[in-house]
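Using the working numbering, read the first sequence as starting at 18 and increasing by one per residue.
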Amino acid sequence: MRKAVCDKQKTIKGAWTKQEDQRLINYIQAHGEGSWRSIPQAAGLLRCGKSCRLRWINYLRPDLKRGNFTEDEEDLMIKLHALLGNRWSLIAGRLPGRTDNEVKNHWNSHMKKKLQSLGIDPNNHRLNHARPCQHHKGSATCHGSHNNVHLHRNKEEVQVDSDVSSKIEKVGCSLPDLNIGIPPLHAP
DNA sequence: AAAAGAGACAACCGCGAGTGT
DNA sequence: GACACTCGCGGTTGTCTCTTT
Numbered sequence: 018m019r020k021a022v023c024d025k026q027k028t029i030k031g032a033w034t035k036q037e038d039q040r041l042i043n044y045i046q047a048h049g050e051g052s053w054r055s056i057p058q059a060a061g062l063l064r065c066g067k068s069c070r071l072r073w074i075n076y077l078r079p080d081l082k083r084g085n086f087t088e089d090e091e092d093l094m095i096k097l098h099a100l101l102g103n104r105w106s107l108i109a110g111r112l113p114g115r116t117d118n119e120v121k122n123h124w125n126s127h128m129k130k131k132l133q134s135l136g137i138d139p140n141n142h143r144l145n146h147a148r149p150c151q152h153h154k155g156s157a158t159c160h161g162s163h164n165n166v167h168l169h170r171n172k173e174e175v176q177v178d179s180d181v182s183s184k185i186e187k188v189g190c191s192l193p194d195l196n197i198g199i200p201p202l203h204a205p
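(1) On a Cα-Cα basis, can you pick out the residue from 43, 49, 129, 44 that is closest to residue 92?
(2) Output needed for residue 108: all residues of its chain with C-beta closer than 7 Å, excluding positions within five of it in sequence on either side, in chain order.
(3) Spatial neighbours of residue 81 within its chain, please: CB distance less than 6 Å, with the 5 preceding and 5 following residues excluded, ordered by chain position.
(4) Output the distance between the C-alpha atoms of residue 105 and residue 117, rounded to the nearest integer angstrom.
(5) Going by beta carbon distance, what residues of the same chain come within less than 8 Å of residue 132, once the five residues before and after it are set aside?
(6) Determine the contact status of residue 44 and residue 60, defining contact as a CB-CB distance below 8 Å.
(7) Output needed for residue 70: all residues of its chain with C-beta closer than 7 Å, excluding positions within five of it in sequence on either side, in chain order.
(8) Less than 8 Å between C-beta atoms, sequence neighbours within five positions excluded: which residues of the same chain meet that for residue 40?
(9) Is residue 64 closer than 8 Å to residue 28 when the C-beta atoms are compared?
(10) Identify the continuous alpha helix (DSSP H) that holds residue 32 and give its terminal residues.
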C-alpha cells in the first residue's frame, strides 16, 4: 500500500487564493516546471505537488484559451471522442489552449446533452434507434449504427499516444458511418 | 425577495504507468 | 526482478453562480 503523497505533510486543500496563484506563477516562470513534488516547498506553498500541477495546467498556464468552446472545437471534440473514448488528455492535446479537465467538464455538462438531443448516444456515438435518421445533422447513417468505436485502454490493443494520427486514419477507414475528418496535430 | 434546484467549473482522490535504484 | 517513488490521467465530488418558482 502506497501512502498518498499529499498526506505526508500538512497541506492546504480547497480553492486557491490569488497570492498562492501568484507564488506558483512566479516560481514556475523563474525556474520552470521541474519536479512537482519539490515545487510547493520551493515556492513557499502549503500545497501538495499534485495540487500545484493541477492548478498550473488547468488554470495558470499562459497559453490557455479561456472562454466558450467554438463550434469547430466542439465538432472536433465529438470526432475525437468517437475515436478515443474518454481519453481527455489526448483529446485536449488536439485542442490548442484547452485542458483535459476543461474538455472533460465541457463534455459532461454540454456535449452529452447536445448529442442526446441529436439522437446520438454520447458513449458510443451510435444513433439511437428511437430517433429517425433525418434528425441527425451529422453524416452517420442508420445502417452503420452497430459499429462500436470504443477503444480499450489496454496498450496492447491500441497504441494511441505514440501516433494518434495513424490510428485516426486506421479507425476512420473502419468506421464508414462516422464522418471523421481530423485535422493534423497542432504544434504545442 | 427568498428559497430551491440546476448547471458549470474547480479541485481532490485513487490508480496505473514510467523510471530510477 | 523487486521495490520505492513521482507523474499523469480519468472519475468523482464540492462549491459557486445562475435560473426558476
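In this text, a Cβ means the ideal position worked out from N, Cα and C, and glycines have one as well.
Concretely, from the data shown:
(1) Reading the first sequence from its first residue, position 75 is the one you call residue 92. The option with the nearest alpha carbon to residue 92 is 129.
(2) By 1-based counting over the first sequence, the position of residue 108 is 91. Here the set comprises 94, 97, 98, 101, 120.
(3) Against the first sequence, residue 81 aligns to sequence position 64. Excluding residues within five positions, the ones whose Cβ falls inside 6 Å are 114.
(4) The residue labelled residue 105 in the question sits at position 88 within the first sequence. The residue labelled residue 117 in the question sits at position 100 within the first sequence. Straight-line Cα distance between these residues: approximately 5 Å.
(5) Translated into positions along the first sequence, residue 132 becomes position 115. Counting only Cβ-Cβ distances below 8 Å, and skipping sequence neighbours, we find 95, 138, 139, 142.
(6) Here residue 44 refers to the residue found at position 27 of the first sequence. Here residue 60 refers to the residue found at position 43 of the first sequence. A distance below 8 Å separates the beta carbons of residue 44 and residue 60.
(7) Within the first sequence, the letter at position 53 stands for residue 70. These residues qualify, in order along the chain: 53.
(8) Indexing the first sequence from 1 puts residue 40 at position 23. Taken in chain order, the residues that qualify are 60, 61, 62.
(9) Your numbering for residue 28 matches position 11 in the first sequence. Your numbering for residue 64 matches position 47 in the first sequence. For the 8 Å CB-CB criterion, residue 28 and residue 64 form a contact.
(10) Walking along the first sequence from the start, residue 32 turns up at place 15. Note, residue 32: premise wrong, no alpha helix (DSSP H); not H, not E.
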